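From first to last, the protein sequence lines stand for chains A and B.
For what it's worth, the numbering used here labels the leading residue of the first sequence as 1, then goes sequentially.
For what it's worth, the numbering used here labels the leading residue of the second sequence as 542, then goes sequentially.
C-beta atoms are modelled at their ideal positions from N, C-alpha and C, and glycine is treated no differently.
Here the structure is a predicted model, which means the values were calculated and not measured.
One structure is given below, encoded as structure tokens.
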Amino acid sequence: MATPIDLHEVAERELEDQARYPWRIKACGSTACQSAGAGASISTLESEVVAVGLSDSVRVMSTGCMGLCSRGPLVRVLRRGGEETMYQSVDRDVAVDIVGAVAGRGEVADANRIDRHIPFFTRQHRVVLANAGIIDPDRLASAVAHGAYSALEKAITTMTPDQVVEAIKASGLRGRGGAGYPVGAKWSLLAGASSDQKYVIANGDEGDPGAYMDRTVMEDDPHRVIEGLAIAAYATGATRGYIYVRAEYPKAVERLDRAIRAARRSRLLGRKVLGSDFDFEVQVRIGAGAFVCGEETALIASIEGRRGNPRLRPPYPTESGLFGMPSMINNVETLANIPAIVSKGANWFSSIGTDRSTGTKVFALAGDLTNTGLIEVPMGISLREIVEDMGGGVPDGKVFKAAQTGGPSGGCIPTQFMDTSVDYESLRELGSIMGSGGLIVMDEDTSMPEVARFFMEFCMDESCGKCVPCRAGTVQLHGLLDRICSGEGRPGDLGLLEELCTVVRETSLCGLGQSAPNPVVSTLHYFRDEYESLLQEAAHA
Amino acid sequence: MPEVRRSIAITIDDTEIDAYEGESILQAARRFGIKIPSMCYLEGLSVWGACRICVVEVAGQHQPRPACATLVVEDMEVRTNTARLQSHRRTILELLFAEGNHVCAVCVSNGNCELQDRAVEAGMDHVRFDYRNPLRPVDATHPKYVFDPNRCIVCTRCVRVCDEIEGAHVWDVASRGHQAHLVTELGQPWGRSSSCTWCGKCVASCPTGALFYQGSAVGESVHAPDLVARLVAARRDHEWFPPVESPTSPNEQNGDDR
Ligand SMILES: Cc1cc2nc3c(=O)[nH]c(=O)nc-3n(C[C@H](O)[C@H](O)[C@H](O)COP(=O)(O)O)c2cc1C
Ligand code: SF4
Ligand code: SF4
Ligand code: FES
């Protein structure tokens, strides 16, 4: 058996190694930048460094997401002990200029420079994404140099499992998968279950359209997810873990697989983790390509190799879950918070955010916004700060109309609530939900019944078909919305729409059906006039 | 062998009853003659909890709960027939009628159909939703039985009886959402199935006219939904019941299909 890794030694060696280079060029190799052409710019950076003879003083590395995805490919240049410069839209030509500037010949055009002091960056508080865009996700040493596994080591060597559970409870961390269930409470349920075999599962199914928070964490900092899951296992007495990753995320699967193998080789996983008596094995499972497989009981069925149908709870997974054994499902972002809480303490964590919504939340900003991309902000920030300051407001002189959170299970927040604090309770009061972190901004040109129709089509296609209200109800809701939107609505349609929303919400089996009416209910609440005028037009047509 | 079961006092529609620990609201209600409509539930099979016709209100719970899949707990207060529940059930039935092709007047199960019965009981006399009129090919390849998916409500009673009682597992659900449909032999025509034992339990268990005997005419198909419960009891107690008349086969007069 290999000897356990000495984390401090590895970290020191890695940092020394990095310090050998006076210059470091970090290029985002994440999916969004890749699709903007990062592959070509990274190879240009590498070949240029060789061409100008700077191989000994400049190191080029590919990292994860730097956040401002709409302006990719992004590149950061770091000078030892000096300032850091960030560049946008780095194509081959700009890559040549960047290396030229490093070599002291010429400059990069101002249009390609990004001001790091804009609110998009300064208003962020990075906990989950602390290492995204900084480390090389394919190298364990790079992650360890930035603190990976030090929390696991701390937990195993200095804390009892109970103490870990208590720390998570005290932190106030709530589930980031959508529902916001207190994490510590779930952990103590599993810890309290008596069984020879227990499982912990990371939910990386991330099915909300437009959302890519979890993908980014898994791709850019896979060790953080593995470490969070290992700490969860240690705290609850589980010895096996699964990371369930959406099939559309092949890169996340590849990186997690590689990270798990590296961690096992260093005895951060496997038998006798870090030389202790704690055993923990992790496997990646690839999702079945359905939104509903993110629902925890369907996810369990899918890992077991069965059709991904949800089943009624109770029993909850912590009583009877995977293969009938006590199991716990946590979202990827939830687990990615764990190492920092263990390292820095519950008080540090709960000092971020609001009383009942502690910590940070990662959002995928999308829609009619100047700056779109990935941000991590403290809970309790106002929607206005996110949209106007960080997002740079609605472009082309258009007016903000509403923001949509929670995707197909959520609702919209109109202008008059721009100053609402972004936390679990406040969003719920407005008829929306925190959800998993999708945040779509819509301008004055957006038709809200259209938005409702879009999400209903998604739910209709993604319904598993098990229960009648969801299977047949979403079809009829979509049909009603479709004819209202296309100007063929009939008198009485709104009443029927509302009644059906209530039935689907109150009688569906799982969360998909129960929340599918939310976008309709929410747009009807705030923008009923739009539905009515469509119906009036239809009546006069 | 009747086991000793702990009693739990619950109230259903203001009547106090002694339910058994581990039993569902639906089972307790039925033992005391309280009617709660059901469709996907079939005594003797595992609980599926999907048609949602059996929803009841439980005091202290925000959402209605499915009676077939909710276990009784001490002091539970259940209401089975409030105005809200009646209206929800009617809507769910309307959704089912709009989803398939349920033209009772030309159906083999006319008069012997649970879907029809539930609709009559619920006073569902018209459908407010657009009929979907799906085009679903009938499978008449089996020498003895016919599957007409147009009448199928995807209750999975056939899937469960075939898997759990007969042990053949001929049936499965394929696709998802509104595309979800029943398949035999992983998508092969039923007639080519080598796992079907010709036992007819699926036909006996089907609540609608989706499964019937070859040669049945309108109104002729009678199902035997209680067959499963009797079989399960007989296997458990080793007490076999005399041959039964149903399931009705126009060609075969007795219950050799058991
Ligand atoms: C239809 C549906 C889809 C879901 N998809 C996801 C998902 O993609 N990722 C996720 O973490 N949770 C998803 N959930 C929530 C999970 O069931 C579960 O509550 C969550 O993973 C628990 O983790 P948390 O407590 O850390 O939030 C979904 C729920 C429903 C009803
Ligand atoms: S609510 Fe929808 S997704 Fe959930 S069990 Fe019912 S049909 Fe399936
Ligand atoms: S064929 Fe009959 S028993 Fe089978 S799912 Fe359809 S309706 Fe139910
Ligand atoms: S009988 Fe209870 S859900 Fe179908």
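Using DSSP's beta-bridge definition, name the partner residues of Ile375 (chain A). A:Phe363
Which same chain residues, not among the five before or five after Leu152 (chain A), have their C-beta less than 6 Å away from its C-beta? Glu227, Ala230 and Ile231
Any heavy atom of ligand 2 closer than 7 Å to the Cβ of Leu509 (chain A)? yes
So within the segment 147-177 of chain A, which uninterrupted alpha helix (DSSP H) runs reach at least 4 residues, ignoring any that extend past its ends? Taken in chain order, the complete alpha helix (DSSP H) segments of 4 residues or longer contained in the segment 147-177 of chain A are 150-158 and 161-171.
Looking at chain B, is there any beta carbon in it that lies within less than 8 Å of the beta carbon of Met460 (chain A)? yes
Among A:Phe280, A:Arg258 and A:Arg255, whose alpha-carbon lies nearest the alpha-carbon of Arg267 (chain A)? A:Phe280
Can you give the Cα-Cα distance for Asp115 (chain A) and Gln88 (chain A), rounded to whole angstroms? 10 Å
State yes or no: is the C-beta of Glu598 (chain B) nearer than 7 Å to some heavy atom of ligand 1? No; taking the cut-off as 7 Å, the Cβ of Glu598 (chain B) has no heavy atom of ligand 1 nearer than that.
Residues of chain A with CB closer than 7 Å to the CB of Arg669 (chain B), please, in chain order. Leu496
7 Å CB neighbourhood of Gln794 (chain B) in its chain, flanking five on each side removed: With a pLDDT of 42 at Gln794 (chain B), under the threshold of 50, the modelled position of that residue is not reliable, and no figure is offered here.
For Arg176 (chain A) and Thr334 (chain A), believed in contact at Cβ under 8 Å, the rounded distance: 5 Å
Ligand 2 heavy atom lying under 7 Å from the CB of Cys467 (chain A): yes
Would you kindly work out how many angstroms separate the C-alpha atoms of Glu707 (chain B) and Tyr686 (chain B), rounded to a whole number? 16 Å
Report the option in B:Ile566, B:Arg698, B:Val769 and B:Ser579 whose CA atom is closest to the CA atom of Glu662 (chain B). B:Ser579
Short CB-CB distance (under 8 Å) between Asn795 (chain B) and chain A: Note that Asn795 (chain B) scores a pLDDT of 40, beneath 50, so its modelled location is shaky; the value from the coordinates is reported in the next line. Answer no: the Cβ-Cβ gap between Asn795 (chain B) and chain A never drops below 8 Å.
Interface positions of the segment 466-493 of chain A facing chain B (Cβ-Cβ less than 7 Å), listed along the chain: Lys466, Cys467, Val468, Pro469, Arg471, Ala472, Gly473, Val475, Gln476 and Gly479
Suppose you measure from the CA of Arg799 (chain B) to the CA of Arg307 (chain A); what does that come to, to the nearest Å? With a pLDDT of 41 at Arg799 (chain B), under the threshold of 50, the predicted position of this residue should be treated as unreliable, and no value is reported.
So the candidates are B:Val695, B:Pro690, B:Ile558 and B:Leu586; which of them puts its Cα closest to the Cα of Gly801 (chain B)? Residue 801 (chain B) lies beyond the range of chain B shown here (542 to 799); nothing can be said about it.
Within 8 Å, strictly: CB atoms of Arg215 (chain A) and Tyr249 (chain A): In contact: Arg215 (chain A) and Tyr249 (chain A) (Cβ atoms closer than 8 Å).
Could you tell me which of A:Lys169, A:Ala472, A:Arg490 and A:Ile135 sits nearest to Val217 (chain A), measuring between CA atoms? A:Ile135
Going by beta-carbon coordinates alone, are Cys464 (chain A) and Arg717 (chain B) separated by less than 8 Å? yes
What does DSSP give as the partner residue(s) for Cys485 (chain A) in the beta ladder? Answer is none; Cys485 (chain A) lacks a bridge partner.
Cβ closer than 9 Å: which chain B residues qualify as neighbours of Ala290 (chain A)? Arg717
Excluding the 5 residues flanking Val521 (chain A) on each side, which residues of the same chain have their C-beta closer than 6 Å to its C-beta? Cys501
Give the interface partners of Cys464 (chain A) over in chain B, defined as CB-CB distance under 9 Å, in chain order. Arg717, Gly718 and Ala721
May I ask you to check if the CB of Thr725 (chain B) is nearer than 7 Å to at least one heavy atom of ligand 3? no
For Ser565 (chain B), name the three-state secondary structure that DSSP assigns. strand
Beta-carbon proximity of Thr420 (chain A) to Leu383 (chain A), cut-off 8 Å: At a Cβ-Cβ threshold of 8 Å, Thr420 (chain A) and Leu383 (chain A) count as neighbours.
Sequence-distant residues of its chain with Cβ nearer than 7 Å to Thr523 (chain A) (five each side left out): Around Thr523 (chain A): Cys412, Met448, Pro449, Val451 and Ala452.
Quick one: using the 10 Å Cβ neighbour count with 16 as the cut-off for buried, is Asp56 (chain A) buried or exposed? exposed
Where Met61 (chain A) sits in the DSSP three-state scheme: strand
Integer-rounded CB distance, given that Val597 (chain B) should sit under 8 Å from Leu634 (chain B): For Leu634 (chain B) against Val597 (chain B), the beta-carbon gap comes to about 16 Å, at or over 8 Å, which does not count as contact.
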